[in-house]
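Participant: Would you mind keeping the following structure in view while I ask a few things?
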Amino acid sequence: MKYWLIKSDPDTYGWDEMKKDKKTFWDGVRNYAARNHMKDMKKGDLCLFYHSQLKPPHITGVVEVVKEHYQDPTTEDDRWVAVDVKYKRSFKNLVTLDDIKQRKGLANMVLLRISRLSVQPVKKTEFDTIVKMGS
DNA sequence: GCCAACGTTGGC
DNA sequence: GCCAACGTTGGC
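Under this note's numbering, the first residue of the first sequence is numbered 36, with each subsequent residue one higher.
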């Protein structure tokens, strides 16, 4: 099982909608590196849900991959894919970007190195640390 | 609103 | 296949 971090600008799609919908398709990725990560996602993988553009930016909770990649329904262009994710759990404490920066074990997260990548892999140890921080 | 980082496009 | 120009993302 793998772990990921997926970003969403709440103006486009926020955690409240995620909770309400229970399940959604994750589309609109137009970046090859992010797309390749989506193609690696397997059913049952867990993703941290990251709110970008907020003050402060933060992780709100966890979602689970329930359907592996398929053609992105929002475009004719067959280069792009979508996956389905379902709501798993909300964090009691939001884990902010600053919290992540402060935490020693998380200094090598992709999030801090390639800030613009919207779908990125997360190590199990990083995932566990963040879940602990959020609980 | 600004700016850095970086991906994409298009001319050559 | 290089590289300049341009657009977008995302933190601050």
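Note that the Cβ used here is the ideal one computed from N, Cα and C, for glycine as well.
1) On the DSSP letters alone, give me the boundaries of the beta strand (DSSP E) that Ile94 sits inside.
2) Could you please give the first and the last residue of the uninterrupted alpha helix (DSSP H) stretch that includes Arg124?
3) Rounded to a whole number of angstroms, what is the C-alpha to C-alpha distance between Val97 and Tyr67?
4) Give the list of continuous beta strand (DSSP E) stretches no shorter than 3 residues that lie fully inside the segment 41-98.
5) Determine the extent of the alpha helix (DSSP H) in which Ile149 is found, giving its start and end residues.
6) How about the segment 44-55 and the segment 106-117: do they share at least three Cβ pairs that are nearer than 8 Å?
7) Nearest-angstrom Cα distance between Lys78 and Tyr38?
8) Could you tell me which residues DSSP pairs with Val154 in its beta bridges?
9) Express the C-alpha separation of Gln137 and Met53 in angstroms, rounding to a whole number.
10) Classify Ile149 as buried or exposed, calling it buried when 16 or more other Cβ atoms lie within 10 Å of its own Cβ.
11) Please name the residue, chosen from His86, His104, Leu146 and Lys102, that lies closest to Phe126 on a Cα-to-Cα basis.
12) My output table needs one value for Val163: the three-state DSSP class, helix, strand or coil.
13) Exposed or buried, Leu81, counting other C-beta atoms within 10 Å across all chains shown (16 or more means buried)?
Facilitator: According to the structure shown:
1) His93 to Gln106
2) Element bounds for Arg124: not the alpha helix (DSSP H) but the beta strand (DSSP E), Val116 to Thr131.
3) 24 Å
4) 58-61 and 81-86
5) Element bounds for Ile149: n/a, residue is neither H nor E.
6) no
7) 11 Å
8) Ile41
9) 28 Å
10) exposed
11) His86
12) For the record, residue 163 in the displayed sequence is Asp; it is not Val. Note: Asp163 maps to helix in three-state DSSP.
13) buried
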